[in-house]
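Here's the structure we're looking at; comments come further down.
Protein chains in written order, with my numbering: chain A, 28 to 153; chain B, 68 to 86.
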């Protein structure tokens, strides 16, 4: 398991939207994700609601349980506490915003139970 | 300067299909 975050979460990283527009990671808005997914043939945005946040045996990690999509499928992910998720209408959020800001310089809100995160699924999945 | 695609920022949370 990786103990570092991917480079694209670092403040200032250049992100290309589906229409070709370039934005910095910290400037992304909910609409950017929604519009990019609309253009995509394969991917669609799902709403994933945070149901539980539990500590993990892995140091500095948490286990987040999401309720995904209209069928409310239960999905668990283990991530580092500083891993940022994009919350609808709120923006980047992590379990430990101070650490995210310290490591990535990315401003974050606190990720809490009930938050609705942007996630992806395949359009063809039925 | 590296450019990253938007979808790399979003977790892929695929539920296992049971039907």
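Ideal Cβ placement from N, Cα and C applies to all residues, glycine included.
Note that the structure is a prediction, hence the values are computed from the model and not measured.
For residue 78 of chain A, the enclosing beta strand (DSSP E) has its first and last residue at 70–82. In this structure, DSSP gives residue 114 of chain A an extended state, which the three-state scheme calls strand. In the displayed model, residue 61 of chain A falls within a helix according to three-state DSSP.
Residue 103 of chain A has A:92 as its beta-bridge partners, per DSSP. With a cutoff of 8 angstroms on beta-carbon distance, residue 141 of chain A and residue 76 of chain A are scored as near each other. The Cβ atoms of residue 114 of chain A and residue 95 of chain A do not sit closer than 8 angstroms to each other. Its Cα nearest to that of residue 137 of chain A, the residue A:118 stands out among A:118, A:130 and A:51. As a beta-bridge residue in DSSP terms, residue 148 of chain A pairs with A:71. Relative to residue 34 of chain A, the option among A:52, A:45 and A:46 whose CA is nearest is A:52.
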